[in-house]
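One structure is given here, and the rest of the page talks about it.
In our numbering, the protein residues as written are 74 to 607.
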C-alpha cells in the first residue's frame, strides 16, 4: 500500500477487503456516533444535503471530486422536501460513508493533514502576505506571453488524500512551458528506462542559462530540465508513432495525472514560439552534430512535439493535482490509478531538486529544500513527498525567469511549516508547524517526551526539548510534571537543571502531591535541598 491506498491487487482480494471494511463500518455505532455529530444533526436526527456538502467543503473536498459520484447518485434518490432540500438520516449517512473509504478516513481525522481548516488559514495568510510582491515583469521573448496580465496570482494545493485549497486566480489557464519538462522526462523514463534515457541526456545542473548553446563533456544535454534536455526527451517519446499520436498520448498522461481534466492547447502560443525558436533549432542541430540523438530521429518533428508540449494549457487547480500525483508516488489521489512507477517519480523528483529552478536551483534547494519546477509563464509547481502538491501561478518573473511571488510563497511556506527535506535534523523544527500531526498531538508528544526523559535522567534530551520551547511545567494526564518524575526517580542532574530553569516545585498532581511533598515522603534531604534552592 502507498499512503493508505491499495496499489495493485487481484480484484477478489480488493473486494474481500472492501466487504469486510463495509460491514464493520455499518455495524460500528461507536465509531460512527462522533462522525454523525460532526454534522450537527437536527433534533429530528437528520441533516440536510446542504450541510453535508458544506462540511466536506470545510474539509477540502471539492463538490466535483470524482470520488463523490456514487454519493451524489445515492442522494438523488432521496426525497426533496418543500424547501428543495434532501434530508439525510444517520443510517443513510453511515451507509454513504461506509461505501467511500476516503470519506471515512477524512471524517475521522486520519488524512495526512488532520486539522485542515487551520492549515488552510495559514496558507491564506501566506497568500495574502505575498500579494504585494509586484516586482519583475512578464516574459516577452515569446510575443504571446508578453500579453498575459502581470497581476494574476493563484495558489492551489492538493494533498495526497485529495483535499483542495485554492486562493486567487487558480482557474485561469496558462501554457505550461518549461513546467512540462519533468512530465516529458517521466514519460521517456516509462517508455525506455533510466539507462536508455541517460545514454542521451545527463543528470547534472548545467550552471548555464536554460537555453544556453552548450553540452556536457560527453556531447549530451546536461539534464532533462533545460531546453536541450527536454528536446532530447521529446525525441525519445513515441519514436515509432505518428506525430499526431505522440501528442495525443502526451495529453493522455496529463489527463491521468490530474484525475480526468483535459488540458487544452494554445495554437497561438505554439506558432509564436515556433517563429522565435532559432535557439531551440540551434540546440537541436548542435546535438545532432554530436550524435547525441538516437538513430533515425526526425529532428523537425521532435522540435514540433517539444513546442507542442510547452504550448499545452492547464490551470493551477489542475496542476496542483498533477503535483499531488507525484507526491503520492505516481498514484493519482482521485482515481487511484498508478500513472507513473514509483521509481520514475523518485528519479524525476531528484532531477527537480537539483535542476528545476533555472539558475536559482541551488539557492532554492538550499532555502526551500523541496523538488520544484518553474517556467517563464509564471508557474511554479512544488512537491512535498507523501504530503501534497502545490502550484503557484504569477506571471511576474525575476531576472532568471522564476515567478517572484512563487519564490516568495515557497520560502514563506517552509519558514512556517517543517516541509524542508532536512527540517527533521534541526532542534528548531519544534518552532515550525507540522500540519501532519493531529491537533495538539505535537504538544502532547513533546510533553510526554520531556517527562519520560526526566524520569530516566536523560539531561541532554531535557535540554533539547526545553530549547525548542517545551513547557517544563506542563503535566501529563495526571498533571504530573517532569519535576514530579525526576523527584520520584531521584534524577539529581535533571532536578538541578529543572529548578535552575524555572520548574515550579508547587505544581500539584491530580492527587494533590507536589514535587516537594514527594521529596519529603522519600525522606531525601538532598532532593529537598535542591527543590528549596539551597
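Cβ coordinates follow ideal geometry from the N, Cα and C atoms, glycine included.
Spanning the alpha carbons of residue 405 and residue 222 requires a straight line of approximately 31 Å. Looking at the backbone, the Cα of residue 362 and that of residue 308 are separated by about 15 Å. Straight across, the Cα-Cα distance linking residue 176 with residue 232 is about 14 Å.
A straight-line Cα-Cα distance of about 33 Å links residue 281 and residue 314. The continuous beta strand (DSSP E) containing residue 160 extends over residues 160–162. The C-alpha of residue 399 lies about 14 Å from the C-alpha of residue 408. Remark: fewer than three beta-carbon pairs, one from each stretch, lie closer than 8 Å, so the stretch 179–192 and the stretch 412–429 are not flagged as touching. Annotation: the continuous beta strand (DSSP E) that includes residue 447 extends over 445–447. Sorting 586, 598, 533 and 582 by C-alpha distance to the C-alpha of residue 571 places 533 at the top. Beta-bridge analysis with DSSP links residue 476 to 470.
Scanning its chain for C-beta atoms nearer than 7 Å, with the 5 sequence neighbours on each side dropped, one finds around residue 261 the residues 270, 306, 309 and 310, in chain order. In this structure, DSSP gives residue 430 a state outside helix and strand, which the three-state scheme calls coil.
The beta-carbon distance between residue 304 and residue 379, rounded to whole angstroms, is 5 Å. This is short enough to meet the 8 Å contact definition. The straight-line gap separating the alpha-carbon atoms of residue 587 and residue 536 is approximately 22 Å.
Distance from the CA of residue 322 to the CA of residue 486, rounded to the nearest whole angstrom, comes to 35 Å.
Taken atom to atom, the span from the alpha-carbon of residue 496 to that of residue 522 is near 19 Å. Per DSSP, the unbroken beta strand (DSSP E) holding residue 229 starts and ends at 227–232.
Around residue 348, the same chain offers no residue with a beta carbon nearer than 6 Å, after the five sequence neighbours per side are excluded. The straight-line gap separating the alpha-carbon atoms of residue 574 and residue 600 is approximately 16 Å. Under the DSSP definition of a beta bridge, residue 386 partners with 248 and 337. In the structure shown, residue 600 adopts helical secondary structure according to DSSP, grouped into three states. In this structure residue 200 is in contact with residue 240, their Cβ atoms being roughly 5 Å apart against a cut-off of 8 Å. Under the three-state reduction of DSSP output, residue 404 falls in the strand class. C-alpha of residue 595 to C-alpha of residue 547: approximately 23 Å in a straight line.
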